[in-house]
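First comes the structure, then the notes that go with it.
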Amino acid sequence: GMPPRPTMSRRTSESKRCVLLLLLLRQAAGQRRARWRQMRETVTSRSESHTAAVLAGDASVAGGCPCSDSALCQPLPAPAVARREIFGFVGGDGSQVDLSRVTTVAWAEPDNYALLCRAHASGTRVILSAPRPEHVLTPNASARAEWVASTVAAVVASHHDGVVFDWEAPCPVDSSLQHWYAVLVAETRDALRRLHGGYQVSTCVAWSPDDVDDRGYDIHAFALASDLLYVMDYDTRSQVVDACIAAANAPIGGTVRGIGRYLDLGVAPSQLVLGVPWYGYRYPCLGGTAAAARFCPIAEVPFRGANCSDAAGSEVGYDEILRRLGGANATTPRRWDANQGAPYFNTLEPARGARAAERRAESRAGAGPG
802 GMPPRPTMSR RTSESKRCVL LLLLLRQAAG QRRARWRQMR ETVTSRSESH TAAVLAGDAS
862 VAGGCPCSDS ALCQPLPAPA VARREIFGFV GGDGSQVDLS RVTTVAWAEP DNYALLCRAH
922 ASGTRVILSA PRPEHVLTPN ASARAEWVAS TVAAVVASHH DGVVFDWEAP CPVDSSLQHW
982 YAVLVAETRD ALRRLHGGYQ VSTCVAWSPD DVDDRGYDIH AFALASDLLY VMDYDTRSQV
1042 VDACIAAANA PIGGTVRGIG RYLDLGVAPS QLVLGVPWYG YRYPCLGGTA AAARFCPIAE
1102 VPFRGANCSD AAGSEVGYDE ILRRLGGANA TTPRRWDANQ GAPYFNTLEP ARGARAAERR
1162 AESRAGAGPG
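Going by the working numbering, the first residue of the sequence shown is number 802, and it counts up by one from there.
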């Protein structure tokens, strides 16, 4: 996930706060970005510890199969990419998810063997997070080879099915870092494939290839190096260049344009996985906004060169949005925003502070699930 953006301070007083909630509903699975970021950080840390243990020959990590059937510890067979990929972000042992409908579980915890065994029994891949690839974006071939060897060792010893790369730092178009990133991805995939044709390597990219958040990445090189590109179509209002008002997490127009631009660059549709969230945004509106207002002006909170961003809001889970939609504080029924392809509604919330309006955005869905 992205580095944290600045958030607004909360006003304080004893009045009620008017809240506008914008619902963006999609038929795709996902998790809240904040939870994803925390999970990825935890997984990366565990992956590094796991890798070190493997290289040191720790039998408790690199030992036998933890599943009841040793066949479940084998990587899934080739091809590495399903005809239609369905990425899932699954916690626990996976028992609350119909894993037969998911082709790949991404960002798995390396020691969550209950999930691994259950997923493999359903024919579902489980892939690890690539452990801090930014440390070896270098022309030093020996350093890259050492990183690749340790990453491959961790995948093999933990009986997983590949890795997902997620590097999101700002990068100028002509920076050598992105070249070495593509080289590292390709070297990792080549090393895994030499062992087994079913190992999968995917790379996360922004909702659009057009220098989003100052990420001027060489998408063509990333696509050539990877089996899949995971398009993170959420938080797409990180750089607002039009009206500074509350908006959907990922308006449908941006989704269509973003995917279209990847296709324009020659990326095959079969290589794209569209990642969508199931969470929304809560936006404090500027003073004077009516409780039933159609539009919600928000404070200007800059991010990477843009004066306005979704950092003016805060993330809210889908379940909480549904609770508030059916709550006594709702001041409007569910409405539809045709421009953004999203429903929304308003509520009044108890708050300390002058009367202010807020909007909450929940995720809207799209074409490819992830």
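For glycine and all other residues, C-beta sits at the position ideal for the given N, C-alpha and C.
| Asked | Found |
| --- | --- |
| Looking at the structure shown, is arginine 990 part of a helix, part of a strand, or coil, going by DSSP? | helix |
| With DSSP collapsed to three states, give me the class of leucine 823. | Low local confidence applies: a pLDDT of 39 at leucine 823 is under 50, so the model's placement there is unreliable, with the coordinate-based value given in what follows. In this structure, leucine 823 counts as strand in the three-state DSSP scheme. |
| Kindly give me the distance between the Cβ atoms of glycine 1114 and alanine 1047, rounded to whole angstroms, as I take these residues to be in contact under 8 Å. | 7 Å |
| At 4 residues or longer, what runs of the alpha helix (DSSP H) sit wholly inside the stretch 1023-1098? | 1053-1065 |
| Within the same chain, show all residues whose beta-carbon is closer than 7 Å to that of isoleucine 887, passing over the 5 residues directly before and after it, in chain order. | Arg902, Val903, Thr904, Pro1170 |
| Compute the beta-carbon to beta-carbon distance between isoleucine 758 and valine 1032, rounded to the nearest angstrom, for a pair I have assumed lies under 8 Å. | An answer regarding residue 758 cannot be provided, because it is not within the stretch 802 to 1171 covered by the chain. |
| Which one of Tyr1035, Asn913, Arg995, His960 has the shortest CA to CA distance from glycine 865? | His960 |
| How far does the alpha helix (DSSP H) with alanine 883 in it extend, from its first residue to its last? | Alanine 883 -> no alpha helix (DSSP H), and no H or E assigned at all. |
| To the nearest angstrom, how far is the alpha carbon of glutamine 875 from that of valine 1041? | 46 Å |
| Check whether the Cβ atoms of tyrosine 914 and proline 867 sit closer than 8 Å, and answer yes or no. | yes |
| Suppose the cutoff is 6 Å on Cβ atoms and the five residues either side in sequence are ignored; what does the same chain contact list for glycine 1127 look like? | none |
| Any idea if glutamate 988 is buried or exposed, counting beta-carbon neighbours within 10 angstroms, 16 or more meaning buried? | buried |
| Buried or exposed: which applies to arginine 1057, given that a residue is buried once 16 or more other Cβ atoms fall within 10 Å of its Cβ? | The sequence given here has valine at residue 1057, not arginine. When all chains shown are included, valine 1057 counts as exposed. |
| Considering leucine 956, what are the terminal residues of the alpha helix (DSSP H) in which it resides? | The sequence shown places valine at residue 956, not leucine. Residues 942-958. |
| Excluding the 5 residues flanking glutamine 832 on each side, which residues of the same chain have their C-beta closer than 6 Å to its C-beta? | Residue placement at glutamine 832 is flagged as unreliable, the pLDDT there being 39, under the threshold of 50; a coordinate-derived value is accordingly withheld. |
| Hey, phenylalanine 1075 and aspartate 1034: beta-carbon distance below 8 Å or not? | Note that residue 1075 is leucine in the sequence shown, not phenylalanine. Cβ distance < 8 Å, so leucine 1075 and aspartate 1034 count as in contact. |
| How about alanine 1183 and valine 882: do their beta carbons lie closer than 8 Å? | Nothing about residue 1183 can be read from this structure; the chain reaches only from 802 to 1171. |
| Let me know if alanine 1007 comes out buried or exposed under the rule of 16 or more other beta-carbons within 10 Å of its beta-carbon. | buried |
| Could you say if the stretch 894-901 and the stretch 944-956 meet the contact criterion of at least three C-beta pairs nearer than 8 Å? | no |
| Out of curiosity, what's the CA-to-CA distance linking proline 1103 and serine 1110? | 6 Å |
| Can you tell me the Cβ-Cβ gap for alanine 1092 and asparagine 1147, rounded? I've got them flagged as a contact below 8 Å. | 6 Å |
| Alpha carbon to alpha carbon, what distance is there between glycine 1081 and aspartate 1028? | 30 Å |
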